[in-house]
Amino acid sequence: MPWEKMAKFDTADSALEVLAQGLARCNHINQKQLNVIIELLGQVLDGPYDIQRVCISAFFAELIRCNPDDSEDQRFVGELIRYLLERLVDHNIYVRKFCLCGLGWWRPVGDSPDDKGLSTTILASLISGLDDREDKNDLLILEAMCSLSNVIAVMNEDEVRPILMNVLLRIRPCFEKDEAKVRSAAFTLFGKMASVCEERSREAFVEQIFSSLITLTLHLNDPVETVRESCKTCFQSIAPLLDQPTLIELFNPFGTGDALKRH
């Protein structure tokens, strides 16, 4: 239960996510009322109390996540993004965590001219979360990698190419992190980036694949199942870039898996 988790420091942030999700999905609030709520909470987000900023940033992140892609009014999402971008410099690490989480749920809206500049800003902000000096327990780097995986999935190669090497060089050390969730997120992001590196970025990405190939192969036998699955999925994404039919067949998601077990 959320209230039980709220009593413990190490689970309080996940409890806040559950509470914010419930508020974000309330069907008794129309768009006009929601805009007023966002404006009022946005003012409090600049306040001196940590707990208020943590709760509001979590609420804003869930509002972005729960917003349907076909919503008639997407303007309020831009306002939410603006608030979260401004709080990425907050001294409270949990505020920054929820800001990164919210940015990861951003989606482009049609051919809006504002999206191109915004996508660049969001990518740069998420990358900054990969090397936050105060992130001693990898809380922010985990959130940043998960958010990058979400955002890159809705972007094209031209948008991702400028930050490709920057991201790859930062996540490779995460393959060997002690925390299983961090390793899993790093392999997932590595695989996601393969989907936008099929043309002009392909050569640079393939070089990074070969540099990481031994590590990737070893973690197919990682002691943690979620990491093994993330690593296998990563191989399924990068195998086509290597032009090796045998490797593609080995990691065929529709295969029986017998060949992979033998290796």
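Basically the working numbering = 1-based index in the sequence shown + 291. Ideal placement from N, C-alpha and C gives every residue a C-beta, glycine not left out.
Select from the options the residue whose C-alpha is nearest the C-alpha of residue i.
i	options	result
residue 313	335, 356, 338	356
residue 469	317, 433, 352, 528	433
residue 420	408, 397, 351, 389	389
residue 373	358, 348, 382	348
residue 409	522, 371, 467	371
residue 369	399, 380, 381	399
residue 334	536, 351, 320	351
residue 445	320, 395, 459	395
residue 534	522, 337, 489	489
residue 467	443, 496, 522, 495	522
residue 308	337, 320, 346, 336	346
On the CB-based measure, 16 or more other CB atoms within 10 Å of its CB, does residue i come out buried or exposed?
i	result
residue 300	exposed
residue 342	exposed
residue 393	buried
residue 498	exposed
residue 500	buried
residue 530	buried
residue 477	buried
residue 449	exposed
residue 318	exposed
residue 547	Low per-residue confidence applies at residue 547: pLDDT is 42, beneath 50, and the placement is therefore not dependable enough to give any value.
residue 462	buried
residue 479	buried
residue 320	exposed
Pull up the distance between the alpha-carbon of residue i and that of residue j, whole angstroms please.
i	j	result
residue 415	residue 447	16 Å
residue 493	residue 503	15 Å
residue 431	residue 384	8 Å
residue 316	residue 484	31 Å
residue 527	residue 507	12 Å
residue 391	residue 423	12 Å
residue 518	residue 435	18 Å
residue 377	residue 339	15 Å
residue 303	residue 296	5 Å
residue 412	residue 344	22 Å
residue 325	residue 332	10 Å
residue 441	residue 505	26 Å
residue 429	residue 491	32 Å
residue 532	residue 465	22 Å
residue 322	residue 358	11 Å
residue 515	residue 327	46 Å
residue 397	residue 439	10 Å
residue 496	residue 459	8 Å
residue 336	residue 425	21 Å
residue 475	residue 382	27 Å
residue 520	residue 294	32 Å
residue 537	residue 443	28 Å
residue 540	residue 471	27 Å
Less than 7 Å separating the beta-carbons of residue i and residue j?
i	j	result
residue 482	residue 525	yes
residue 329	residue 367	yes
residue 379	residue 387	yes
residue 311	residue 353	yes
residue 487	residue 451	yes
*Does the stretch 502-513 touch the stretch 437-455, meaning 3 or more C-beta pairs lie closer than 8 Å?*
No, because fewer than three Cβ pairs between the stretch 437-455 and the stretch 502-513 fall closer than 8 Å, the two stretches do not touch.
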